[in-house]
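Asker:
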Amino acid sequence: MDETALEERQKQSESGFYITFKADGTGAFYAEDLEYQVSWKSSGDAVTFPLVLEQCHSDW
266 MDETALEERQ
276 KQSESGFYIT
286 FKADGTGAFY
296 AEDLEYQVSW
306 KSSGDAVTFP
316 LVLEQCHSDW
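The sequence shown runs 266 to 325 under the numbering used here.
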């Protein structure tokens, strides 16, 4: 599944939020109708990203 198809599938999720991870260390956190851009890093089996984010997009 390519990245665009995966994002579209996640947007249709009923869970209310999801996170996308890209290989370059960026991604987005979607909660309700809000989108936040994030930077993430992996360390062993863990992936970390900031929880305090600036809102960059809203469909409201």
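Where is the CB? At the ideal position from N, CA and C, for every residue including glycine.
Assign residue 325 to one of three DSSP states: helix, strand, or coil.
Answerer: Caution applies to residue 325, whose pLDDT of 46 falls short of 50 and renders its modelled position unreliable; the model cannot decide the point.
Asker: Could you have a look at residue 288 and say whether DSSP puts it in helix, strand or coil?
Answerer: Of the three classes helix, strand and coil, the one that applies to residue 288 here is coil, per DSSP.
Asker: Please name the residue, chosen from 314, 309 and 308, that lies closest to residue 302 on a Cα-to-Cα basis.
Answerer: Here the closest residue by C-alpha is 314.
Asker: Can you tell which of 283, 291 and 286 has its C-alpha closest to the C-alpha of residue 304?
Answerer: Nearest option by C-alpha distance: 291.
Asker: Considering only their Cβ atoms, is the gap separating residue 286 from residue 312 smaller than 8 Å?
Answerer: For residue 312 and residue 286, yes; Cβs fall inside 8 Å.
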